[in-house]
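In my numbering, the protein residues as written are 1 to 308.
Just below is one structure, and these are the notes that go with it.
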Ligand code: ING
């Protein structure tokens, strides 16, 4: 039987400034779609909140101003050209955007098949930062203010010849994210991220941001026998620096390919899905080795309960 594989085109985006409108961003994304086609790609992974600047860095009192960063329909006038070009080129894609839905405001990612149909949706569950305005901080991180907690769980889908799932940015730092998908047999997790280089809570060297980003991807991949594809929105957005480091990580936990720049950049790699099975059948054969009867705290507790 031929090796099952997905030729991934991880599409890192450079900065999107407040002044950049969605149509200019969509043009950049269409250029990346065409490059992916030239590279014989199957599936293009765009970043989190890929249509606008990372607006949770700003405090906005007026809800109408906040809602201006959200999409009420998908596709819509701004993104229809992206859907049309992907369909014309026969490419699937992953897209992160701010979703304004009847049931709330969500930091959302969708999976679109080669025919332009939305076959999967995920809404970000781990929302970092704070909900209160912190005027003394150099920038805000108001995802807890602007987004509701995702209400779709961590689903996976049979698509592109395998079992695929999604998460978003901060989700990657929580092992539960990958494990819940691992327990559904996931073979590829796609995610976008916007990660500020500067930590406002405690001083740490910039290289450590990149280390923790890659560590999270590599651990999630290895411990669940899955490919992990992570696409950054990178570079300086109106002076606020976001890390790059878009990467494709194999089920071995090794980095198969990564971006070099902090600009629009395509990282292409043929991801052999059968590489997952070595880990799923042996060292991480969940059915054979896991002992959930001892894991109660993981779902019964939210925070830490220390011993007396
Ligand atoms: N951004 C950051 C991320 O999780 C962050 C927030 C950075 C949290 C560094 C903790 C440490 O990569 C988003 N958008 O979640």
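C-beta atoms are modelled at their ideal positions from N, C-alpha and C, and glycine is treated no differently.
- Bridge partners of residue 237 according to DSSP: 240.
- Exclusion of residue 138 from the 7 angstroms shell around the ligand ING follows from its C-beta lying no nearer than that to any non-hydrogen atom of the ligand.
- The nearest non-hydrogen atom of the ligand ING is 7 angstroms or more from the C-beta of residue 224.
- For residue 121, the enclosing beta strand (DSSP E) covers residues 118-123.
- Contact between residue 251 and residue 222 is confirmed by a C-beta separation of about 7 angstroms, below the 8 angstroms threshold.
- Residue 171 is classed as buried because its beta carbon has at least 16 other beta carbons within 10 Å across all chains shown.
- Contact between the stretch 133-140 and the stretch 110-125 is absent: fewer than three C-beta pairs spanning the two stretches fall below 8 angstroms.
- Near the ligand ING, meaning a beta-carbon closer than 5 angstroms to one of its heavy atoms, we find 128, 169, 170, 194, 195.
- Exclusion of the five residues before and after residue 163 leaves 156, 185, 186, 187 as the residues of its chain whose Cβ lies within less than 6 angstroms of its Cβ.
- Assigned with DSSP and collapsed to three states, residue 292 falls in helix.
- Your pair residue 255 and residue 229 does not check out as a contact, with CB atoms roughly 11 angstroms apart and the cut at 8 angstroms.
- A direct Cα-to-Cα measurement between residue 20 and residue 216 gives close to 31 angstroms.
- Closest by C-alpha distance to residue 59, out of 5, 116, 140, 11, is 140.
- With respect to residue 106, residue 123 sits close: the two C-beta atoms are nearer than 8 angstroms.
- For residue 45, the beta-bridge partners assigned by DSSP are 10, 94.
- Assigned with DSSP and collapsed to three states, residue 265 falls in strand.
- Residue nearest to residue 206 within the set 48, 177, 242, 194 is 242 (criterion: CA-CA distance).
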